[in-house]
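In the numbering used here, the protein residues as written are 40 to 322. Idealized CB from N, CA, C, for every residue including glycine. Note that the coordinates shown come from a computational prediction; the quantities given were computed from them, not determined experimentally. Inspection log for the structure reproduced underneath, given as structure tokens.
This is how it looks when you write it as structure tokens:
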């Protein structure tokens with residue numbers, strides 16, 4: 040039978056994170072594989088078409104209650120135990136993984152947000168909380184501001200990239216209704232064509248997302264750059280993806296934006312070298 044660590048590694052394969060984790064020491068890399076497998080597990084429960092909404096809601100509730108100290112073990116018992124060991128070893132506050140589950144539960148409620156404040160809460164739960172835990176596992180100290188800002192940047196990049204597919208396949212609209220109304224855009228119109236007002240609307244989204252990337256850079260302590268090399272690799276990849284979409288006019292209705300594997304590896308390598316050089320200059 041496949042053990043929990045092997046299963047976690049399988050869940051991690053093929054992701055952008057899997058590439059970034061190559062720079063980590065073995066113990067931390069394995070811990071991140073376990074954590075990423077947890078993120079995939081609860082995210083899949085939010086999206087799994089083969090399960091009823093009630094079943095998905097119940098399984099996510101089991102995870103939330105387990106992480107809050109409950110005794111009912113969700114999913115694979117061996118994996119749940121391994122996950123708890125990782126959180127204990129790296130002193131992860133219980134509320135952070137609980138927030139991730141709450142974010143996935145929000146996906147079950149229809150994914151319509153009236154304001155940016157509401158959307159930001161969702162992004163914090165599904166991305167910033169992930170960043171906060173990742174920073175602990177990476178070995179970063181005093182990196183909470185960096186992790187929160189980078190999580191918002193990465194999640195907004197995902198939302199921009201996947202906006203057409205999210206609506207066409209899942210009926211989800213993550214853009215705040217107030218902002219769509221301000222630019223005269225009907226929800227989901229971008230899934231099939233460029234709506235009137237799209238250029239201005241996406242420029243607004245682009246500028247906000249850029250501010251989160253810039254905020255993350257400002258908040259990364261100089262002495263922690265080496266420990267956050269994997270995160271910096273993710274920042275480089277997703278930051279470039281954002282700019283690729285911007286140069287192409289965010290044509291999400293007929294494009295699936297991706298970076299090639301060699302480009303990703305090059306960006307991550309450059310980010311690693313930059314982080315190490317900055318560390319050397321600060322010592």
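Only counting the same chain, and skipping five residues up and downstream in sequence, which positions put a Cβ closer than 6 Å to that of residue i?
| i | result |
| --- | --- |
| residue 160 | none |
| residue 241 | 289 |
Are the beta-carbon atoms of residue i and residue j separated by less than 7 Å?
| i | j | result |
| --- | --- | --- |
| residue 76 | residue 269 | no |
| residue 163 | residue 255 | no |
| residue 135 | residue 171 | yes |
| residue 143 | residue 81 | yes |
| residue 102 | residue 131 | no |
| residue 248 | residue 307 | no |
| residue 283 | residue 203 | no |
| residue 138 | residue 166 | no |
| residue 73 | residue 156 | no |
| residue 277 | residue 193 | yes |
Less than 7 Å between C-beta atoms, sequence neighbours within five positions excluded: which residues of the same chain meet that for residue i?
| i | result |
| --- | --- |
| residue 211 | 150, 205 |
| residue 236 | 222, 223, 224 |
| residue 21 | Residue 21 lies beyond the stretch modelled for the chain, which goes from 40 to 322, so this question has no answer here. |
So, is residue i buried or exposed, given that buried needs 16 or more other C-beta atoms within 10 angstroms?
| i | result |
| --- | --- |
| residue 300 | exposed |
| residue 173 | buried |
| residue 177 | buried |
| residue 78 | buried |
| residue 187 | buried |
| residue 179 | buried |
| residue 261 | exposed |
Would you report the Cα separation of residue i and residue j, rounded to the nearest angstrom?
| i | j | result |
| --- | --- | --- |
| residue 95 | residue 312 | 43 Å |
| residue 271 | residue 112 | 34 Å |
| residue 227 | residue 209 | 11 Å |
| residue 99 | residue 128 | 24 Å |
| residue 304 | residue 279 | 13 Å |
| residue 233 | residue 197 | 19 Å |
| residue 116 | residue 243 | 45 Å |
| residue 287 | residue 68 | 35 Å |
| residue 122 | residue 245 | 36 Å |
If I measure Cβ to Cβ from residue i and keep anything under 8 Å in the same chain, skipping five residues before and after, which residues do I get?
| i | result |
| --- | --- |
| residue 133 | 106, 107, 108, 126 |
> So does the region 256-270 actually touch the region 208-222, counting three or more Cβ pairs closer than 8 Å?
Replying inline: No: the two stretches stay apart, fewer than three of their Cβ pairs being nearer than 8 Å.
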